[in-house]
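Please read the structure below before turning to the comments.
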């Protein structure tokens, strides 16, 4: 949940196809907004959507700052893996790009894209679990 907007990570229009955008949206208590962090290897995680079973991922080639995070079928690539990086709060850092998840231009409106940004420009997140993960952005 974004502390400033009180919105959560959401799969746009509850989509289930590869390439569907991940955005922030008001809490609707549906499975499109519920996520699990599952370990992969060496401390990396995949972020799995409860509705689709697909993962949050930076689009290939996944190096671009500002690239919107998408829903994709799990293939195990580094573009689909993240690490919780403690920095006071926590940053979710992509294994391939080294960039952190962020809300586009600190936008508080529903539908604002979740993107990856250079780590120096991202505020920390607090990650709280309530059965499923709900993310809090500083």
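Residue numbers (the working numbering): 747 to 884.
Using N, Cα and C, we set each Cβ at its ideal position, and we do this for glycine too.
query: Helix, strand or coil at residue 777 [DSSP, three-state]; result: helix
query: Endpoints, beta strand (DSSP E) assigned at residue 832; result: 828-833
query: C-alpha gap between residue 853 and residue 762, whole angstroms; result: 24 Å
query: Integer Cβ distance of residue 857 from residue 771, believed to fall under 8 Å; result: 7 Å
query: Nearest to residue 779 (by Cα), restricted to the options 813, 788, 765, 760; result: 760
query: Per-residue DSSP class, three states only, for residue 804; result: coil
query: Nearest to residue 830 (by Cα), restricted to the options 765, 807, 786; result: 786
query: Counterpart residues of residue 766 in DSSP-defined beta bridges; result: 817
query: Nearest-angstrom beta carbon gap, residue 842 and residue 824 [assumed within contact, 8 Å]; result: 4 Å
query: Proximity below 8 Å, CB of residue 784 to CB of residue 828; result: no
query: Cβ-based burial, residue 766 [other Cβ within 10 Å; buried from 16]; result: buried
query: Beta-carbon gap between residue 802 and residue 768 smaller than 8 Å; result: yes
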